[in-house]
Every structure is written in structure tokens, then in C-alpha cells.
């Protein structure tokens, strides 16, 4: 009799205890989830606010801005945008940047993925050395290439043309992109390759029909990063180009920097305009990146 | 457990035209030609120029042997720069990359609201023009009008409202914060893409075994992504030493060299001060330093075999 | 697969597009220039003997390229140049001028690299003073004496302006704008505290004390780039030690940069910094940034060049320029050897001929057209600048401009900008030295020693 009561009591006690523990664990989980979400949100705000600030500033006036940098625009007037658009051949600079960035990016992707494939999948003598050589080229800072490149371009008769930018952009992006893509190709499961080979696939077809689609996520990353890099690049654009017909956006935007002062709000407008294409490219290819991520591309 | 690790190279069967080994050359050719022509050649020229006294104005060059190099070794500013660059490297490798991994993992696997928003947002600072970033953060750090100090004053922490970019003690950390803000997003996206390739069954199996999120991340996924992490760290090291734009725009290397980096000093000396000979020496030195650090990095990350990279 | 095909198609299209659009390139690059420069094995000395006989009096079509710094943001100067080019081309139908503008800072990168590769324009905007030394040493600039001696052109310029563009007796550039540095003050703030412009430096410091006691920053100063701070130092140097001491320093003769007067001047500045007379956090502030505090009265005064008027016009609140802006000259220091008739400033920019250009005569012709009193008056009217030519004050000049022009007229001579006083590499070392001085981390003696070291 008493035994039963005792058993009942202990069972109840242990049940309560396990409930209690589970409750704790659950609370812990909830708290940590909240913490994680909070953390990520703060990071989000931290990442995004400056862009918002730039956007808002583009609608204000210099005077306003200097009086209160953090205030809101009194009206969403497009005055600065009009000024920017009219004051310099901005549409032309846009076009130039677009041509240069797009062309460069396409070839960067093509050349780098080809080379990455060769390094990853094809065994050949000296591949390690070549890879190390390529890696070391990544170490080279662009500044020192300024004068030698300018002289070279001049001899090739390419100064003040689109090629003056496209060729160096492609070249400088290759080491970085090749290495990145190679590491992804290396991670591809052997089964995939074997299956294709069994089907009698040649190496080239293998590259185009199997490998490229599968590494889409990293290609998307490289595409966006390189497009953005080319779009924002400024040093070569300044030195290798002279005339308005070919000037790219970053240099063209400097038309708003006169001797000793900057027209902040107009610059904000110009920079916002300049950011839009990059944003579009990013949003478009984000889907590629995301689809690669969520599809869990390779199911064991 | 499914092994998603390295697979071997494809052997050439030699039967069809496309299968001959020469196809390798075809694939490598464009990349190699371009990099040699436009990177290797100018870099080599630069190393060559470092042996001359040259103003960089197209005029006469005078052979001075290792004079520029002697100057480099004795120049106290160079060593200040090296120190600063190393601080950047340490921050990037031991803080930025791991943090990016953690964030990427959390966004990918934890219970998170607004996941797609985060995916977009974290990358945004990376795509902004450097001038925007520089200007914005200069305003944020402004001693009188900047939001940082205004917030500090608002919460009664007046003593902390320092002139962030104006004091030689706080300038470098302040600039580093901006670099973190700007570049971490890249690593986050990189890791997110890599994490996405981990098959779902890994997670299933591990959760069945009772692994929590932390163990999942640290013990299982991280080792699987070793390759990518290695690449990320290499990128972190190299870009930390090459860094120029942000430091130059925000502080021009000042005050009193507090944020001077090898690349900013190189720029000031080589181009602004018309001493291309010495500038080239600095540039070549920068290259050699990067080489050394990357070698150390490889050792440190345990890749004895370069091919593991 | 499909995606890849699309990508390849796009790539080919882009390639074709860029070849068509880009390869054709703009008509800017003057073909003759490419041919006459025998492609050197390595960038050699700019060939003085390009030996191309200039198309003398020939009616051959000539295109000259022209680079300057007055972008659309500087509307006055920009429109002037555009108008001048149009007029010049009308008068000289065989000469076509291709004009391009660049920002001031980017130009400091662009010009050297362009000159190095022989890619610079025919007519180039340049700085002045010893900044030009490297250019001159490399023979990158064409001497202009032979043009200036023609028809008394030289006499139309204010004589001492050539000091900054002449080396070893040879004049290389045409002085353009003439700047002076004054202390600008906010009239409202001054009247609020019953202050009047001082006669002596001691009075100035008293004013500063009063302002400080009332929570107003006496002097707005941004030292991220040291040029604004150098205005202070140059004036202090002159006012303490006298013009001759400055001349010695510039030429690295006599006491050079270790003149006790300079050390004293550096000490004064360090004191002022310590007493908090300058904007807080000045070392991290861009000189442009501090304008804000001046405009809204948080800082009462700012030592700045006459180009400041442009900034006030476009950035200050309504009516500031007309009603609240005043200026006075840098006062003398009692007991110092300074001369109140000596100002700080000088030639702001100059125009040169690229020594490698095959169209030097055409460029000279173009400059001759630009640099006439009549056209200078036009420019002055549009910009409120004082120019380096005589009689260049427009009749309907604003009172401010008239006043500034008068200052220039009454000036005996001037002390140059620091970055025009010493050659570029030395200046690069000077900058952090001044920053360290204001920071308080080195003593005036140490600072002077470092400066001397840099110049040697």
C-alpha cells in the first residue's frame, strides 16, 4: 500500500522534474533563438542603415545637410538627381561602366572557370607550380601596375578605349576567381563525374553540361563580386582613360568635386544612381545564389 | 556517411580529339596569358624599377642598386605600416572569417525570421562604392555631429565621445571597424554558398544522434568546408595587406601615420611625391611580405601539401 | 546548358559592341602625337628634339588636348573655359581644342602617370612653386619665355607671380589665379560678444579667450590634410621671423628650417592647440568639414584662402555671404619681424605646355587668347577670383572682390603655400610632423629638425 503511494509519488516527482527540465531546455532554446535573431537583426540594421542614409540625403540640400546631418528630407524633391543627370554626361558614363563591367565580368567568369576546371580536374605536370604562380599574382597591388600598364596600353594603341579597362580588369580578377571556383569544383562528388563519364561524356562536355551548372552558386558569387569590383573601380579608369566618351562612372562622378569642395548632396544622389545597377545585378543573381543554397544542390 | 570530400582528377582516355591532354592547355591559356601580360609583367617591371632613382615622370632613370632597399629597411614608417597591416591580417583571420562563418551558419540553419532579408542585406556593404562607405563613416565618426558621439552623449557616456578619426590612438580601430562592416558580407555569402552544398542527410543523421546546433556547426560542417575556409583565409590575408581605398579615403593614412598602410604609403611616395623608384621598392616588398604570410598561413592551417589548397 | 549558351552569346555581343564602340574610340587622341613619339624601349627623357617641324602657318587641321581642374561643379570657371574654347575655335578654324576636366585630387595621380607614359595632354593645368620641381627636372614642361617675350605679353602679368613658375631663370608656366589667405569671421558672433577685428596677434588671442570662455570654438580647423594648418604656420613664421627667414627656409640657405623664429612659431601653434583654440578632433577632420561649424556659428573664425568664398557661396545658408562674412588680415605679432604688407598665398594654379607636345605653338596661341586682361575680367566676374594679370578686375565687381583685389594690390610680396615651398617628397614628410606637433607628441625643436631633415 505504502509502496504504491511511494511509487506514485516518485513517478509524479520524476515526471514533474522531467517536465521542468524540458521546460528549461525549451526556455533555453527560445532564449537562444531570440538572442540569435536579435544579433542577426542588429547586424542587418548595421549593414543597411548607411545605405538608407545615403538615399535620404540625396533628397536634401547642402545647407540642410550641414545644419543637421541626420535629419530627414523635407521633401522628396528630385532636384539633386536632375542636377546630376544634366550637369555631366552621366547617362554616357553609365553606359560606359555597364559595357566595361559586363564585358569584363563575362570573360572573367569564362576564363576563370575554365582554368579552375583545368586545375581541379585535369592532371598535368607543373599544375601545382602554375597554381602557386597564379596565387602569387593575386598578391600584386594594382598601384604598381599603373605606369607599366599605361605604357603597354599606349604601345598597343588602346589608351582611351574600353579595352584599356576591360583587359586589365579581366586579368586582375583571374587569380582570385580561379582559386575560388577551383575550390568549389574540388568539392564536387566523384559519383557525379563518374556517372557522366560512364555515359561517354568528353571532358569538355563534362565541363559545360555538368560542372558549370552545379557550381552555379559560386559562379553567381564571383559574378556579383567581380561586376561590382569593375563597376566601382576607379584607379585604372582615372589613369587609362581621358575622354568623356569612355569615362566610367566613378571617375565621372568626380565631376562634382571642384577645387577644394564637394557638393555632398549631389554626390549622394549620384552615388545612389550609381549603386542602382549594381543593386539590380545583385538582386537578379541573388536568386541564383539562393537557389543554389536552398535546393541543397547535391543530395547524397 | 556520404563522403563529399575531394574527388580525384579525371584521367584522359586519349581516344577522341577532345580527350587528348592538350585540351588542358586550351582551358588554361586565356587565364594564363592575361595574368602574365597584365599582372606579372608590370609587377616584374616594378621590381626592376626599384633599383633605380626615378621620379616616375617619364624622364631619366638612374641606376642606384639597392639604395631604395636600404632606405626601406631603415625607414621607420615602413615598419609602422607593416605592423598596421599585420593587425589587419589578425583581425581578418581570427575574427572576421570565423564570425562570418558563424553568421552564415546561423542564417542557414538556425530558426531565423526574415532569412532572405538577411541574405540580401549582409552583402550590401560589399557592393557599395568605397567613396560612399568612406564618406558615410567619416560622418558617423564626426566628433561633433556624428551619430556615434551623439548617441554616446545621449546615454551619458560623454567621456567616450572621442574624436575617433582624429586621435592617433583610436583612428586605426575605427577604420578597422569600417573594414569589418564592409567586407564581412563577402565571406558570409561565400560560406552560405558553401554550406548550402552540404546534403540534408548529414543534418538529419546528426540530429538523430542528438547533436545541437553548435556541435553541428563546429564539429561537422566546418571540417567539411575546410577547403573553402582555407581559401577564405587566404583571401583575408592577401586583401588585408593590399588594402588601400578605405584607409586613404577616411584618414589619408593619418593622423601622423596612425592608419598608414603599406599601400597608402606606397601611393604617397610613388605617385604623389614623385619617387617611383622607392615606391616600386615598397610595392615589391609588399608582394614579398604577402608571400611570406601566405606561406605561414598554409603551414599554420596544416596543409603540408600545397595541392590540398 | 541553355544558360551557358545565352551567356556566350551575350559575351560575344558585348565583345563586338565594345570593339565597335570602344575600339573606334573618341576622336580625342591626336594621331600625330602618337607618331612623332618614337615608342621608347622604356620611358626615356621626354624627347626635346621631337624634330617635327610645327605646321608653320599651315592651315592644317590641328587638335590640341587641354586638361584642367574646373569641372561642372565649379560652374563659373567651367562655363568660362567652355565659352573661351568656343570663341577661340571660331577665330581659329584650323585649331580644335579637346577639353577634359578632372577633380583636384585625382589629377594629382593622373598627371604624373600620364606624363610618365607620354600620355598627357598638350595643354595642362598644373600647380605652382616648388611642386613643379620634379616636372621641371624631367623636362616635362616647355619653357615659355619665347612666347612671353613676344609682344609684351609678360608685362601684362603681375610681376611677382612669375616667381612661382620660374626656375633658374626660365619661365615654365603661366600663373593663373592669385590667392590670399585671410582670417574670415562670423560677424554675428563677433557682435554678440562685442568683438572687433584685432590689430595685433595678442589681441587675436584675447578674442580667442573670450570666445572660448563663452563656449565658442575660436578657430575652425581641419587637419586631416595639413594644408589648412600650414596657413597658420606660414603666417606665424613670417610674423615672428620675417620674410627673409622664410626665404632662407624655402631656399634651404642660412638657418633653413631650423631658424629659431620658426621654432618659436611652431611653439605658438602648439600652445594654441593645447589651449583648445582649434576645433576639437581637428586631426581627423577634413578641412571642408569644419565649414559647417563656421557657418552655424559654433566656430567664430577660420583662416582660409580666397577660394573659401566659393564654398561660402554654394554651401552656406542664405545670406551668409552678404551679411555675416567678414575678414581681416593676419595681424602682426608685437616684437616680431613680420610685415603686415606681406600676405600668405600666391599663385593657385598655372598653365603649362607639355614639352612632348607637337603643337606647342598652337597651345601658346590658345593661352594667349585666354590670358588677356579682358578675358580675365570676364573670368573674375564669373568667379570672384583675383587673377594674376594686371587690370583684371571687372568694373562691376562685388565689394568683397574689390576689397580682396585691393589687398593683392597693396601687397608687397607673399609667402607661398607650404606645398609649393618645398618639393613634394619633403612635403609628404612635413605633413605628419605638423600633425604630431598639434597632437602634442613632439616638441617644436624636434619638429623643426625633422623638417630640416626632410628637405636635405
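Protein chains in written order, with this note's numbering: chain W, 63 to 362; chain V, 16 to 324; chain U, 3 to 458. Yeah, the Cβ is synthetic: ideal placement off N, Cα and C, and Gly gets one too.
How many angstroms separate the CA atom of residue 293(U) from the CA atom of residue 163(V)? Taking the first residue of the third chain as position 1, residue 293(U) is located at position 291. Taking the first residue of the second chain as position 1, residue 163(V) is located at position 148. Answer to the nearest angstrom: the Cα atoms are 20 Å apart.
In terms of residue numbering, what span does the beta strand (DSSP E) encompassing residue 345(U) cover? One-based indexing of the third chain puts residue 345(U) at position 343. Per DSSP, the continuous beta strand (DSSP E) segment holding residue 345(U) begins and ends at 344–349.
Does residue 72(W) come within less than 9 Å of chain V when only Cβ atoms are used? Numbered from 1 along the first chain, position 10 holds the residue referred to as residue 72(W). Any Cβ of chain V closer than 9 Å to the Cβ of residue 72(W) would place that residue at the interface, and such an atom is absent.
Just mark residue 303(W) as buried or exposed, buried being the case when its beta carbon has 16 or more other beta carbons within 10 Å. As a working note, residue 303(W) is residue 241 in the first chain. Here residue 303(W) is buried: its Cβ has 16 or more other Cβ atoms, across all protein chains shown, within 10 Å.
Mind checking which residues open and close the beta strand (DSSP E) that includes residue 177(U)? Locating residue 177(U) in the third chain gives position 175, where the first residue counts as 1. Taken as a continuous stretch (DSSP letters only), the beta strand (DSSP E) holding residue 177(U) covers 175–177.
Alpha carbon to alpha carbon, how far is residue 364(U) from residue 88(U)? Give it in angstroms, no decimals. Reading the third chain from its first residue, position 86 is the one you call residue 88(U). Reading the third chain from its first residue, position 362 is the one you call residue 364(U). Their Cα atoms are separated by approximately 15 Å.
Are residue 379(U) and residue 287(V) touching if we call contact CB-CB under 9 Å? Against the third chain, residue 379(U) aligns to sequence position 377. Against the second chain, residue 287(V) aligns to sequence position 272. Residue 379(U) places its beta carbon 9 Å or farther from that of residue 287(V).
Would you say residue 437(U) reaches chain V, if we count a Cβ-Cβ gap shorter than 9 Å as a contact? For the purposes of this step, residue 437(U) is identified with residue 435 of the third chain, where counting begins at 1. Yes, residue 437(U) counts as interfacial toward chain V.
Run down chain W in chain order and give the residues with a C-beta less than 8 Å from the C-beta of residue 115(U). The sequence position of residue 115(U) within the third chain is 113, counting from 1. Chain W residues near residue 115(U): 208, 209, 212, 301.
Of all Cβ atoms in chain W, is any one closer than 9 Å to the Cβ of residue 311(V)? On the second chain, position 296 is the one that residue 311(V) refers to. Under the Cβ criterion of 9 Å, residue 311(V) is not counted among the residues facing chain W.
So with CB distances below 7 Å, who are the chain U contacts of residue 289(V)? Counted from its first residue, the second chain places residue 289(V) at position 274. Neighbours of residue 289(V) on chain U, chain order: 114, 136, 426, 427.
Who does residue 353(U) pair with in a DSSP beta bridge? Reading the third chain from its first residue, position 351 is the one you call residue 353(U). BP columns for residue 353(U) point to 127(U), 176(U).
Residue 101(U) in three-state terms, based on DSSP: Residue mapping note: residue 101(U) aligns to position 99 of the third chain, counting from 1. Secondary structure of residue 101(U) (DSSP, three-state): strand.
Helix or strand or just coil, what does DSSP make of residue 99(W)? Translated into positions along the first chain, residue 99(W) becomes position 37. Three-state result, residue 99(W): helix.
Counting only Cβ pairs nearer than 8 Å, list the residues of chain V close to residue 227(U). The sequence position of residue 227(U) within the third chain is 225, counting from 1. The answer, in chain order, is 267.
Quick check on the burial criterion: 16 or more other C-beta atoms within 10 angstroms. Buried or exposed for residue 82(U)? Taking the first residue of the third chain as position 1, residue 82(U) is located at position 80. Counting Cβ neighbours within 10 Å, residue 82(U) comes out buried, since at least 16 surround it.
Between which two residues does the beta strand (DSSP E) containing residue 68(V) stretch? One-based indexing of the second chain puts residue 68(V) at position 53. Looking at the DSSP string, the run of the beta strand (DSSP E) that includes residue 68(V) is 67–69.
Pair every Cβ in the region 101–110 of chain U with every Cβ in the region 130–145 of chain U, then say whether three or more of these pairs are closer than 8 Å. Cβ pair count under 8 Å is below three, so no.
Got a sec: is the Cβ-Cβ distance from residue 84(V) to anything in chain U below 9 Å? In the second chain, the residue the question calls residue 84(V) occupies position 69. No, residue 84(V) does not count as interfacial toward chain U.
Those residues which DSSP pairs with residue 417(U) across a bridge: For the purposes of this step, residue 417(U) is taken as the residue at position 415 of the third chain. The partner list for residue 417(U) (beta bridge, DSSP) reads 346(U).
Note down, in chain order, all residues in the region 117–133 of chain U with a beta-carbon under 8 Å from any beta-carbon belonging to chain W. Against chain W - using a Cβ distance shorter than 8 Å - the residues of the region 117–133 of chain U are 118, 119, 120, 121, 123.
Run of the beta strand (DSSP E) containing residue 334(U), from where it starts to where it stops: Position 332 of the third chain, counted from the first residue, corresponds to residue 334(U). Taken as a continuous stretch (DSSP letters only), residue 334(U) belongs to no beta strand (DSSP E), as it is neither H nor E.
What residues in the region 275–309 of chain W have a beta carbon less than 7 Å from any beta carbon of chain V? Identification of residues in the region 275–309 of chain W having a C-beta nearer than 7 Å to some C-beta of chain V yields 279, 280, 283, 287, 290, 294, given in sequence order.
Which residue wins for smallest C-alpha separation from residue 309(W), given the options 76(W), 107(W), 137(W), 157(W)? Taking the first residue of the first chain as position 1, residue 309(W) is located at position 247. Distance from the Cα of residue 309(W) is smallest, within the candidate group 76(W), 107(W), 137(W), 157(W), for 157(W).
Verify the CB distance criterion: does residue 221(W) have a CB-CB separation below 9 Å to chain U? Along the first chain, read from residue 1 onward, the residue named residue 221(W) stands at position 159. Residue 221(W) counts as touching chain U.
Could you tell me if residue 230(V) is buried or exposed, where buried requires 16 or more neighbouring beta carbons within 10 angstroms of its beta carbon? Locating residue 230(V) in the second chain gives position 215, where the first residue counts as 1. So residue 230(V) ends up on the exposed side.
Helix, strand or coil for residue 43(U)? Go by DSSP, reduced to three states. Position 41 of the third chain, counted from the start, is the residue given in the question as residue 43(U). With a pLDDT of 34 at residue 43(U), under the threshold of 50, the modelled position of this residue cannot be trusted; read the value that follows with caution. In the structure shown, residue 43(U) sits in coil (DSSP, three-state: anything other than H, G, I, E or B).
Kindly indicate which residue of 127(U), 220(U), 118(U), 238(U) has the alpha-carbon position closest to the one of residue 338(U). The residue labelled residue 338(U) in the question sits at position 336 within the third chain. Looking from the CA of residue 338(U), the closest CA among 127(U), 220(U), 118(U), 238(U) belongs to 238(U).
Taking the straight line between their C-alpha atoms, what separation do you get for residue 300(U) and residue 211(W)? As a working mapping, residue 300(U) is identified with position 298 in the third chain. As a working mapping, residue 211(W) is identified with position 149 in the first chain. The straight-line gap from Cα to Cα measures roughly 49 Å.
Taking residue 353(U) as the reference, which of 227(U), 434(U), 179(U) has the closest Cα? The residue given as residue 353(U) occupies position 351 in the third chain. For residue 353(U), the closest alpha carbon among the candidates 227(U), 434(U), 179(U) is that of 179(U).
Does any CB atom of chain V fall closer than 9 Å to the CB of residue 82(W)? Here the question's residue 82(W) lines up with position 20 in the first chain. Judged by the 9 Å Cβ criterion, residue 82(W) is not in contact with chain V.
Going along the chain, which residues of its own chain have a beta-carbon closer than 6 Å to the beta-carbon of residue 210(U), five neighbours each way excluded? Reading the third chain from its first residue, position 208 is the one you call residue 210(U). Contacts found: 220, 279.
Is the shortest distance between the beta-carbon of residue 87(W) and the beta-carbons of chain U less than 9 Å? Working through the first chain from its first residue, we reach residue 87(W) at position 25. Output row for residue 87(W): interface = no.
Pick helix, strand or coil for residue 3(V), following the three-state DSSP scheme. Limits of chain V in this structure are 16 at one end and 324 at the other, which puts residue 3(V) out of reach.
Quick one, which residues of the region 360–387 of chain U are near chain W if we go by CB-CB under 8 Å, in chain order? Going along the region 360–387 of chain U in chain order, one finds no residue with a Cβ nearer than 8 Å to chain W.
Close Cβ partners of residue 232(U) (< 6 Å) along its chain, the five nearest in sequence each way excluded: Position 230 of the third chain, counting from 1, holds the residue named residue 232(U). Result list for residue 232(U): 420, in chain order.
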